[in-house]
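> I'd like to ask some things about the structure below.
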Amino acid sequence: MSAVLGISAQYHDSAAALVIDGELVCAMQEERFSRIKNDAALPIAAARACLRHAGITANDLDAVVFYENPFAKLERVLVSTLRSFPASFRKFPTVVREQLGHKIWVLDDIANALGVPRTKVSHDDHHACHAACAFYLSPFEEAAILTVDGVGEGVTTTISKGSGTEITRLRALPYPQSLGLLYGALTAYLGFEVNEGEYKVMGLAAYGKPTRREELAKILKTSSDGSFELAPEYFAYDTDADVGFSPAMETLLGPRRLPGRPWDLPGNADDEAHADIAASLQEATTDALVALAREAKRLTGLDALCIAGGVALNAVANRDILRKAGFSRVFVPPAAGDAGGAVGAAFRFSHAHGAKRGKALVTAALGADIDTERARDTADAMGLRSTRTETPAQTVVDHLERGDVVAVAHGRFELGPRALGQRSILALPEDPDVRDRLNRVIKRREPFRPFAPSVLAERASEYFEGAPNDMTAFMVTVADVKDGAKEKLRAVTHVDGTARVQTVTKENAPLLAEVLLELEKRGRIPVVLNTSLNGAGEPIVGSGEDALAFFDSHPVDSMLLGDDLFLTRDKS
Amino acid sequence: MILSRVHTVFALLRHFSHRQRYFLWPLLIVLLLSSILLILTGGLSYVAPFVYALF
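Chains as they are written, first to last, in my numbering: chain L, 175 to 746; chain A, 6 to 60.
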């Protein structure tokens with residue numbers, strides 16, 4: 175047996191992943207244990223949970239691989255600090271504190287925390303790990319691979335070719351030419367939190383028109399070979415890491431939007447102007463990604479493409495890449511961002527030491543299961559009553575048909591930012607009032623943010639254009655809702671007529687598939703509104719106790735936890 | 006613990022021993038000296054003023 179643990183950490187979305195004999199056994203984000211959203215700390219709880227799930231100990235590990243090279247990262251930080259000197263003068267002590275304080279010692283810290291010999295702990299390359307995560311989880315024997323994120327050690331974008339267990343890098347773009355940093359800087363400009371608010375910008379874009387492309391063209395200059403350049407005068411990564419943009423950005427686009435101000439769309443002129451900027455950014459980013467994908471096609475001549483890196487979570491761009499870049503199939507893993515780097519790191523070591531390729535990823539449910547007994551004890555201690563059900567899917571449908579908003583925590587939690595039926599909040603998709611209730615009362619988030627539909631894979635094409643495809647199982651792309659279906663899917667159709675659809679099978683989300691089949695059996699459309707089981711600012715629920723805490727503090731109507739049903743009216 | 010730190014310091018020196026990275030050595034030496042100060046004093050709050058003074 176060859177067991178390799180991959181680790182990603184230090185920037186955002188830290189995670190651990192365990193690969194045994196070339197197969198991904200489990201992968202978990204630290205935030206599900208620490209309850210700190212996007213937690214960047216070393217994923218020691220996640221690593222221990224992976225070992226527990228596999229029934230092995232740290233002594234059984236052949237290697238622990240960190241997903242990037244801390245020394246190359248230090249080099250890039252030093253070079254960029256020198257390049258921007260003296261503007262970077264004020265940031266230098268912070269850089270020293272971060273680097274010397276813990277970042278360069280990460281391999282030692284991993285060895286100490288897990289109790290493995292330091293010689294077993296190694297590092298890899300950030301973008302190579304992204305590429306490996308996407309390709310080795312894909313169903314393709316050969317594929318072009320595109321990785322795009324903020325920055326790895328020194329590069330921000332790569333094009334590679336994957337074949338069997340081999341991945342060969344063909345091109346790379348260096349820092350600071352970065353679509354991720356561009357999107358992040360404008361996310362901050364629009365008043366959202368970087369590394370968290372990018373989804374909000376994507377949702378906001380649908381409310382605007384791309385009327386600011388001319389200005390965006392001054393910031394992002396693209397070439398016919400897919401490469402691009404950011405105009406440095408608009409950015410301030412090396413001097414102001416909090417927002418990443420310079421005063422020149424505000425001179426060009428107008429004053430930034432203050433964080434926390436309520437949105438009023440459509441109607442408020444300022445908000446509409448900011449929505450136009452979001453739309454222009456989204457369109458410019460999509461065009462740049464399509465151009466990169468076309469270049470990947472030209473360089474490899476292959477029919478399939480895998481995409482990873484944080485920018486690969488841009489579901490709107492992914493749809494356009496599939497439509498326009500010349501590939502017949504496109505795959506994006508559910509944790510395309512840094513959490514997936516842990517998966518890639520484990521795979522790369524495993525394959526470099528002779529392991530064969532494992533099976534393609536079927537389900538994102540790679541986390542820890544619900545500990546039913548412990549959850550029941552906690553529920554008892556909290557005074558929450560439940561009834562056990564032998565037919566959980568039918569029970570959920572009974573409640574959905576009453577118009578309930580139903581929380582579901584069942585099976586292993588998912589890897590990545592999407593809840594795909596194991597830690598979800600479900601509702602029927604017809605009534606737009608449900609969407610407003612979810613946004614305002616339960617999720618407490620911006621009113622413009624859409625909710626996603628989950629549909630039986632075999633019925634998806636009746637409601638959504640181009641579904642199912644290789645991305646829809648993991649909710650990493652959008653699809654146009656068919657005209658005839660929009661009336662029935664009002665709660666899950668975004669203002670631009672699209673939906674970030676999940677196609678469900680018994681293999682990728684067993685309980686959700688049963689729920690959809692039951693709805694179909696009762697003469698309803700096999701579609702539900704599906705949003706993640708978490709409150710505002712919280713990570714998605716991990717354990718049964720987390721689910722109970724959510725249920726206790728949020729006004730959902732009922733919750734299925736394992737096979738136990740909790741009703742709000744029974745709350746004491 | 007100390008052995009693994011030494012392991013990391015050697016890996017760091019190996020990384021920067023390429024000819025193209027020689028120009029970073031002065032900055033690296035400052036960082037390593039700061040690092041030694043950090044270990045001796047047990048806290049970065051003591052190091053930061055030195056760094057400010059140097060730059």
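No residue lacks a Cβ here, since even glycine has one placed at the ideal position from N, Cα and C.
Okay, do the segment 683-701 of chain L and the segment 549-561 of chain L touch, 3+ Cβ pairs below 8 Å being the bar?
Contact between the segment 683-701 of chain L and the segment 549-561 of chain L is absent, because fewer than three Cβ pairs lie under 8 Å.
> Mind the definition here: the segment 722-737 of chain L touches the segment 603-619 of chain L only if three or more C-beta pairs lie below 8 Å; say whether that holds.
The segment 722-737 of chain L is in contact with the segment 603-619 of chain L.
> At a CB-CB cut-off below 7 Å, which residues of chain A make contact with residue 309 (chain L)?
In chain order: nothing, as chain A lies at least about 27 Å away.
> Quick one: what's got a C-beta closer than 6 Å to residue 598 (chain L)'s C-beta in the same chain, skipping five residues either side?
Counting only Cβ-Cβ distances below 6 Å, and skipping sequence neighbours, we find 582, 704 and 707.
> Residue 569 (chain L) and residue 463 (chain L) - do their beta-carbons sit closer together than 8 Å?
No, the pair does not count as a contact, with Cβ atoms beyond the cut-off.
> Should residue 681 (chain L) go down as buried or exposed, given a rule of 16 or more other Cβ atoms within 10 Å for buried?
Exposed is the call here.
> Counting beta carbon pairs with one atom in the segment 274-290 of chain L and one in the segment 215-228 of chain L, are three or more of them shorter than 8 Å?
Touching, yes, given that three or more Cβ pairs across the two stretches are closer than 8 Å.
> By the three-class DSSP mapping on this structure, what secondary structure does residue 333 (chain L) have?
Strand at residue 333 (chain L).
> Put residue 417 (chain L) into one of helix, strand or coil per three-state DSSP.
Of the three classes helix, strand and coil, the one that applies to residue 417 (chain L) here is coil, per DSSP.
> From which residue to which residue does the alpha helix (DSSP H) around residue 13 (chain A) run?
7-21 is the span of the alpha helix (DSSP H), which, as asked, contains residue 13 (chain A).
> Nearest CA to the CA of residue 349 (chain L): which residue from L:372, L:404 and L:336?
If we check each option's Cα against that of residue 349 (chain L), L:404 comes out closest.
> Within this structure, are the beta carbons of residue 344 (chain L) and residue 334 (chain L) separated by less than 8 Å?
Contact flag set, yes.
> Roughly how many whole angstroms lie between the Cα atoms of residue 202 (chain L) and residue 316 (chain L)?
If I take the Cα positions, the gap works out to 27 Å.
> Can you find the residues in the same chain that come closer than 7 Å, C-beta to C-beta, to residue 381 (chain L), ignoring five residues on each side of it along the sequence?
Cβ neighbours of residue 381 (chain L) beyond the five flanking positions: 439, 440, 449, 622 and 669.
> Taking 8 Å as the CB-CB cut-off, is residue 192 (chain L) touching chain A?
Not one chain A Cβ lies under 8 Å of residue 192 (chain L).
> By how many angstroms is the C-alpha of residue 511 (chain L) removed from the C-alpha of residue 674 (chain L)?
If you take the alpha carbons of residue 674 (chain L) and residue 511 (chain L), they lie about 18 Å apart.
> Any beta carbon from chain L within less than 8 Å of residue 24 (chain A)'s own beta carbon?
Not closer than 8 Å to any Cβ of chain L, the Cβ of residue 24 (chain A) fails to qualify, so no.
> Let me check understanding here. Comparing Cα to Cα, which of L:346, L:644 and L:297 lies closest to residue 504 (chain L)?
For the residues L:346, L:644 and L:297, the minimum Cα distance to residue 504 (chain L) belongs to L:644.
> Rounded to the nearest angstrom, how far is the Cβ of residue 722 (chain L) from that of residue 520 (chain L), given a contact under 8 Å?
Their Cβ separation, rounded to whole angstroms, is 32 Å, which puts residue 722 (chain L) and residue 520 (chain L) out of contact at 8 Å.
> Using a Cβ cut-off of 9 Å, which residues of the segment 237-255 of chain L contact any Cβ in chain A, in chain order?
Answer set for the segment 237-255 of chain L: 243, 244, 245, 246, 248, 249, 252, 253 and 255.
> Please tell me whether residue 652 (chain L) and residue 508 (chain L) are closer than 8 Å, where the distance is taken between their beta carbons.
No, the pair does not count as a contact, with Cβ atoms beyond the cut-off.
> Taking the alpha helix (DSSP H) that residue 286 (chain L) belongs to, which residues open and close that run?
Note, residue 286 (chain L): alpha helix (DSSP H), 280-288.
> Any idea if residue 627 (chain L) is buried or exposed, counting beta-carbon neighbours within 10 angstroms, 16 or more meaning buried?
Flag for residue 627 (chain L) reads buried.
> In the segment 439-520 of chain L, which residue ranges form an unbroken alpha helix (DSSP H) of at least 4 residues, counting only runs that do not cross its ends?
List check, alpha helix (DSSP H) in window: 443-474 and 489-498.
> Relative to the alpha-carbon of residue 396 (chain L), which residue among L:483, L:268, L:473 and L:460 has its alpha-carbon at the smallest distance?
Of L:483, L:268, L:473 and L:460, the residue nearest in Cα terms is L:460.
> Just to confirm the assignment, what range does the alpha helix (DSSP H) spanning residue 727 (chain L) have?
It spans 718-727 - the alpha helix (DSSP H) in which residue 727 (chain L) sits, taken as one unbroken run.
> Which one or two residues does DSSP pair with residue 192 (chain L) in a beta bridge?
L:179 and L:200.
> Nearest-angstrom Cα distance between residue 455 (chain L) and residue 485 (chain L)?
Between residue 455 (chain L) and residue 485 (chain L), the C-alpha separation is close to 13 Å.
> Mind pulling the beta strand (DSSP E) runs of 3 or more residues that sit fully within the segment 227-302 of chain L?
Here the runs fully enclosed are 237-240 and 295-297.
> Have a look at residue 553 (chain L) and residue 715 (chain L) and give me their C-alpha separation to the nearest angstrom.
Answer to the nearest angstrom: the Cα atoms are 16 Å apart.
> Can a CB atom of chain L be found closer than 8 Å to the CB of residue 38 (chain A)?
Cβ-Cβ to chain L under 8 Å: no for residue 38 (chain A).
> Which residue or residues does DSSP assign as beta-bridge partners of residue 319 (chain L)?
L:334 and L:480.
> Between residue 517 (chain L) and chain A, is any beta-carbon pair separated by less than 8 Å?
No, residue 517 (chain L) lies away from the interface with chain A (no Cβ there is under 8 Å from its Cβ).
> Against chain A, does residue 281 (chain L) count as a neighbour if the rule is that its beta carbon must be under 8 Å from one of theirs?
It does; some Cβ of chain A falls within 8 Å.
> Is it buried or exposed, residue 444 (chain L), if we count other Cβ atoms within 10 angstroms and call 16 or more buried?
Residue 444 (chain L) is exposed by the Cβ-count criterion.
> For the pair the segment 301-317 of chain L and the segment 422-442 of chain L, tell me if three or more CB-CB distances fall below 8 Å.
Contact between the segment 301-317 of chain L and the segment 422-442 of chain L is absent, because fewer than three Cβ pairs lie under 8 Å.
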